[in-house]
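**Student:** Here you go, one structure.
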Amino acid sequence: MTVRTRFAPSPTGLLHIGNARAALFNFLYARHHGGKFLLRVEDTDRERSTQKAVDVLFDGLAWMGIQSDEEPVFQSTRQERHAQVAHELLERGLAYRCYCTAEELKEMRETAMAEGRPPRYNGMWRDRDPADAPKDTPHTVRIKAPREGETVLHDLVQGEVRVANAEMDDMIILRADGTPVYQLAVVVDDHDMDITHVIRGDDHLTNTFRQAMIYRAMGWDLPKFAHLPLIHGPDGAKLSKRHGAQSVVEFREMGYLPEALNNYLLRLGWGHGDAEILSREEQIRLFDLDGVGRSPSRMDYAKLLHINGVWMRQADDARLTDDVMDRLSQMDGVSTDEAMRARVLRLMPGLKERAKTLVELADSAAFLGRSIPLSFDAKAQKLLTPENRAMLARLGAALGALAPFDGPGIDATLRQFAEENELKLGKVAQPLRAAVTGSSMSPGIDDTLLALGRDEVLARIKAVADE
Ligand code: GLU
0 MTVRTRFAPS
10 PTGLLHIGNA
20 RAALFNFLYA
30 RHHGGKFLLR
40 VEDTDRERST
50 QKAVDVLFDG
60 LAWMGIQSDE
70 EPVFQSTRQE
80 RHAQVAHELL
90 ERGLAYRCYC
100 TAEELKEMRE
110 TAMAEGRPPR
120 YNGMWRDRDP
130 ADAPKDTPHT
140 VRIKAPREGE
150 TVLHDLVQGE
160 VRVANAEMDD
170 MIILRADGTP
180 VYQLAVVVDD
190 HDMDITHVIR
200 GDDHLTNTFR
210 QAMIYRAMGW
220 DLPKFAHLPL
230 IHGPDGAKLS
240 KRHGAQSVVE
250 FREMGYLPEA
260 LNNYLLRLGW
270 GHGDAEILSR
280 EEQIRLFDLD
290 GVGRSPSRMD
300 YAKLLHINGV
310 WMRQADDARL
320 TDDVMDRLSQ
330 MDGVSTDEAM
340 RARVLRLMPG
350 LKERAKTLVE
360 LADSAAFLGR
370 SIPLSFDAKA
380 QKLLTPENRA
390 MLARLGAALG
400 ALAPFDGPGI
410 DATLRQFAEE
420 NELKLGKVAQ
430 PLRAAVTGSS
440 MSPGIDDTLL
450 ALGRDEVLAR
460 IKAVADE
C-alpha cells in the first residue's frame, strides 16, 4: 500500500500554526513512508473562501516548504459527485428523505431536552413509507445510523476510541437545497483521492465517528486515522490571540525562518529521543506517528525564539542578506543600494551571531546604510565625550594612513594607537564603535570597519570629531 496523506484546510484567511503543524505531519509521514502528500482546499463555504484566503494558504505552505505532490483538489468543484453518493445511498435504502419542518425539529429537540435526553433527531422519517411524503415539500437526505453496537476506531495516536452507536443520530447528508454537507464531502473526497491516512486535529474526533457511518454504508475501507492533540497556550488554555502570534504570516513578519518554525512545530508534540534541531532530511528519516504524544502541547514562544537563533546562525549569508535588504527597504533613511548590500553581506557572519530574529538582524544592520550625521543612542552619546571626540580625530588620521585597509592592518593600528595613548583597547574601540555605528553594540570592530570601508569610516569619524 502506498501511503497517501492529505492536508485539507478550509480557507479562513489565515494559516493557523495548529493547521500548519498538521500539514507538516502529513507531509513528513508521506515522505517517510515513500508515499504522496496531497492538498485539498475545503472551500465549500463560498463566502469565506475568497481567492485571497486561498492565496494565504498556498503562500503559507510554500513558505513552510510543504509542497503537494499532486494538483490541489478544490472541494467546491466536486459537489455533484458528493450528491451522487448521497443518491446512491438513497437508492440502496441506506439513506432516506426527511420531510421534517423546522418546527417539528425544534419540538423534537425540546421534548428530548425536557425528558433529559440529548437533542437528537428521532428518526421519524426513517421507516416511513415514502408514499406518505408530502408533495412539493423540501426535504433533506439523512443517512441511517446504526442503532446497535458500537463503533471502534484504532487511532494511531489516541489508541482505541469507542462510541456507542445509539449515541449517533441519522445525520443529514444532503441539505434541502440539494447541497452536500461537509461530513459527506470529506468522506467522498478522501475515498476518491485514495487517502490512506487522515492525520488531523483531535477536534475532528467526533466528526470521524460520523464519517465512519458513511464509509460503512458505502462499503468503503476506512483510512487510518491519527488525531493530533491541539496546541495550547503557555498557560494550558486553548491557544488564543492573547498568548501571542498564532498564524504563519505573523511569525514570518516577526522574523522567523521557515526552518525554525517547522522545526519547532515538529518538536511540539512529537519527539525522538532528545533530538532538537533537525534538518528536513532528518525529519523525514525520523518522523513517525508513534512519536506523537497524546496530551496537548504547550506553545513555548521563548523556545521558538531560541530555535530561530540556532537556525539563523546556520543560514546562508546571502539568503539572510536578501531578507534583511527587504526589511530595510521598509525603513526610513536606510540606503538599500548595491554598495549597502555588499556591506551587509560582508558583516553578516558577525551580525547573525547576535540576532535571534530577522527583524533584529535588520535592525542591527541598518547602521551600515544610514547617512551622516548618524543619530546616536543614549549609550553612544555617553561615549562621545569631548575627550573621546578629540581622541577619535587622531585615530581617524592613523586609520587614514593605513594601506591597505584590511583586517590585520586595522587591528594593528588600533592596538598601536591604544598603546601610544596609554589606553585599554576597549577605551578606543567603544567610542569608535559609537562614532561609526551610532550605538554601543555591533560585531567585532575590525569587521565593522571593514564592512563600512575606509572612506565611510573616515567620514563618520570626522563627523563626530568636528562637532
Ligand atoms: N477542513 C477542515 C479544517 O480545516 C479539516 C478537515 C479534515 O482534515 O478532515 O478543520
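Just so we're aligned, residue 0 is where the sequence shown starts under numbering that gives the first Met the number 0, counting upward by one. Ideal Cβ positions, reconstructed from N, Cα and C, are used throughout, including at glycine.
1. Considering only residues of the segment 98–173, which uninterrupted alpha helix (DSSP H) runs meet the minimum length of 4 residues and lie entirely inside it, listed in chain order?
2. Okay, do the segment 157–169 and the segment 135–144 touch, 3+ Cβ pairs below 8 Å being the bar?
3. I believe Asn262 touches Ile276 by the beta-carbon criterion, under 8 Å. Please report the beta-carbon distance rounded to the nearest angstrom.
4. What does the alpha-carbon distance come out to for the pair Phe250 and Pro129?
5. Flag Ser9 as yes when its Cβ comes closer than 7 Å to any non-hydrogen atom of the ligand GLU, and as no otherwise.
6. Go through its chain and collect everything with a Cβ distance to Met324's Cβ below 8 Å, but skip five positions before and after it.
7. In angstroms, rounded to a whole number, what distance separates the CA positions of Gln415 and Pro407?
8. With respect to the beta strand (DSSP E) encompassing Ile198, which residues constitute its N-terminal and C-terminal limits?
9. Would Ser294 and Pro228 be called neighbours here (beta carbons separated by less than 8 Å)?
10. Give the list of continuous alpha helix (DSSP H) stretches no shorter than 4 residues that lie fully inside the segment 253–311.
11. Using 8 Å as the threshold, is the C-beta distance between Gly260 and Met63 below it?
12. Whole angstroms are fine: how far does the CA of His15 sit from the CA of Arg345?
13. Got a sec? Which residues, its chain only, sit under 8 Å from Lys490 by beta carbon, not counting five neighbours each side?
14. Do Val248 and Gly59 come within 8 Å of each other at the CB atom, strictly closer than that value?
15. Examine the ligand GLU and report whether any of its heavy atoms sits within less than 7 Å of the Cβ of Arg199.
16. Return yes when the Cβ of Leu413 is within less than 8 Å of the Cβ of Gly368, no when it is not.
17. Would you mind reading off the limits of the beta strand (DSSP E) that contains Arg5?
18. Once you ignore the five residues that flank Arg453 on each side, which residues in its own chain have a CB closer than 6 Å to its CB?
19. Is the beta carbon of Ala244 less than 8 Å from the beta carbon of Asp154?
20. To the nearest angstrom, how far is the alpha carbon of Lys470 from that of Phe208?
21. Using the C-alpha atoms, what's the distance from Leu401 back to Met390?
22. On the three-state DSSP scale, how would you describe Pro179?
23. What's the gap between the Cα of Asp189 and the Cα of Ala21?
24. Is His203 near the ligand GLU, with its Cβ less than 7 Å from a heavy atom?
25. Taking the CB atoms as reference points, tell me whether Thr43 and Tyr214 lie closer together than 8 Å.
26. Does DSSP put His32 in a helix, a strand or coil?
27. Buried or exposed: Ala19, going by 16 or more other Cβ atoms within 10 Å of its Cβ?
28. Is Val463 helix, strand or coil when you go by DSSP?
29. What is the DSSP secondary structure of Val40, reduced to helix, strand or coil?
30. For Gln210, count neighbouring C-beta atoms within 10 Å of its own C-beta (all shown protein chains included) and say buried if the count is 16 or more, exposed if not.
31. Can you give the beta carbon distance from Leu319 to Gly254, rounded, assuming they're within the 8 Å contact cut?
32. Any heavy atom of the ligand GLU closer than 7 Å to the Cβ of Glu41?
33. Counting only the same chain and skipping the five closest in sequence on each side, list residues whose C-beta sits under 7 Å from that of Ala163.
34. Please tell me whether Pro179 and Ala301 are closer than 8 Å, where the distance is taken between their beta carbons.
35. For Glu359, count neighbouring C-beta atoms within 10 Å of its own C-beta (all shown protein chains included) and say buried if the count is 16 or more, exposed if not.
36. Suppose you measure from the CA of Leu267 to the CA of Met298; what does that come to, to the nearest Å?
**Tutor:** Straight from the coordinates:
1. 101–113
2. With the cut-off at 8 Å, the segment 157–169 and the segment 135–144 touch.
3. Taking the first residue of the sequence shown as 1, we reach residue 262 at position 263. Taking the first residue of the sequence shown as 1, we reach residue 276 at position 277. The pair is a contact, with the Cβ atoms about 6 Å apart (cut-off 8 Å).
4. Numbered from 1 along the sequence shown, position 251 holds the residue referred to as residue 250. Numbered from 1 along the sequence shown, position 130 holds the residue referred to as residue 129. Whole-angstrom Cα-Cα distance: 56 Å.
5. For the purposes of this step, residue 9 is identified with residue 10 of the sequence shown, where counting begins at 1. The beta carbon of Ser9 sits closer than 7 Å to at least one heavy atom of the ligand GLU.
6. Working through the sequence shown from its first residue, we reach residue 324 at position 325. Within the same chain, Met324 has close Cβ partners Thr335, Met339, Arg340, Val343.
7. Taking the first residue of the sequence shown as position 1, residue 415 is located at position 416. Taking the first residue of the sequence shown as position 1, residue 407 is located at position 408. For Gln415 and Pro407, the distance between alpha carbons rounds to 12 Å.
8. For this step, residue 198 is matched to residue 199 along the sequence shown. First-last of the beta strand (DSSP E) with Ile198: 196–200.
9. Within the sequence shown, the letter at position 295 stands for residue 294. Within the sequence shown, the letter at position 229 stands for residue 228. Yes.
10. 257–266, 279–285
11. For this step, residue 260 is matched to residue 261 along the sequence shown. For this step, residue 63 is matched to residue 64 along the sequence shown. Reading the sequence as shown, one finds Leu at residue 260 and not Gly. Closer than 8 Å, so yes.
12. The residue given as residue 345 occupies position 346 in the sequence shown. The residue given as residue 15 occupies position 16 in the sequence shown. The straight-line gap from Cα to Cα measures roughly 36 Å.
13. This structure gives no information on residue 490, because the portion of the chain shown stretches from 0 to 466.
14. On the sequence shown, residue 59 is found 60 positions in, with the first residue counted as 1. On the sequence shown, residue 248 is found 249 positions in, with the first residue counted as 1. Contact: yes.
15. As a position in the sequence shown, residue 199 is number 200, starting the count at 1. Result yes, Cβ under 7 Å from the ligand GLU.
16. Your numbering for residue 368 matches position 369 in the sequence shown. Your numbering for residue 413 matches position 414 in the sequence shown. Not closer than 8 Å, so no.
17. Taking the sequence shown and counting its residues from 1, the one referred to as residue 5 is at position 6. It spans 3–6 - the beta strand (DSSP E) in which Arg5 sits, taken as one unbroken run.
18. Position 454 of the sequence shown, counted from the first residue, corresponds to residue 453. Counting only Cβ-Cβ distances below 6 Å, and skipping sequence neighbours, we find Phe404.
19. If you number the sequence shown from 1, residue 244 lands on position 245. If you number the sequence shown from 1, residue 154 lands on position 155. No. Outside cutoff.
20. This structure leaves residue 470 out entirely; the chain is present only between 0 and 466.
21. The residue you call residue 390 lines up with position 391 of the sequence shown. The residue you call residue 401 lines up with position 402 of the sequence shown. The alpha-carbon atoms of Met390 and Leu401 are separated by roughly 17 Å.
22. The count along the sequence shown starts at 1 and reaches residue 179 at position 180. Strand at Pro179.
23. Reading the sequence shown from its first residue, position 190 is the one you call residue 189. Reading the sequence shown from its first residue, position 22 is the one you call residue 21. Going by the C-alpha atoms only, they are around 16 Å apart.
24. Looking up residue 203 in the sequence shown gives position 204. The answer is yes for His203.
25. Here residue 43 is taken as the residue at index 44 of the sequence shown, counted from 1. Here residue 214 is taken as the residue at index 215 of the sequence shown, counted from 1. Cβ atoms of Thr43 and Tyr214: not closer than 8 Å.
26. Stepping through the sequence shown from its first residue, residue 32 is reached at position 33. Residue state, collapsed to three classes: coil.
27. By 1-based counting over the sequence shown, the position of residue 19 is 20. Classification for Ala19: buried.
28. Residue numbering aside, residue 463 sits at position 464 when the sequence shown is read from its first letter. Here Val463 sits in helix by DSSP.
29. To locate residue 40, count along the sequence shown from 1; it is residue 41. If DSSP states are grouped into helix, strand and coil, Val40 belongs with the strands.
30. Here residue 210 corresponds to residue number 211 of the sequence shown, with the count starting at 1. By the 10 Å Cβ count, Gln210 comes out buried.
31. Counted from its first residue, the sequence shown places residue 319 at position 320. Counted from its first residue, the sequence shown places residue 254 at position 255. Not confirmed; about 11 Å, so no contact.
32. In the sequence shown, residue 41 corresponds to position 42, counting from 1. Yes, since a heavy atom of the ligand GLU falls inside the 7 Å radius drawn around the Cβ of Glu41.
33. Here residue 163 refers to the residue found at position 164 when the sequence shown is read from its first residue. Contacts found: Glu149.
34. The sequence position of residue 179 within the sequence shown is 180, counting from 1. The sequence position of residue 301 within the sequence shown is 302, counting from 1. For Pro179 and Ala301, no; Cβs fall outside 8 Å.
35. Translated into positions along the sequence shown, residue 359 becomes position 360. Burial call: buried.
36. Counting from one through the sequence shown, the residue named residue 267 turns up at place 268. Counting from one through the sequence shown, the residue named residue 298 turns up at place 299. Their backbone Cα atoms lie some 8 Å apart in a straight line.
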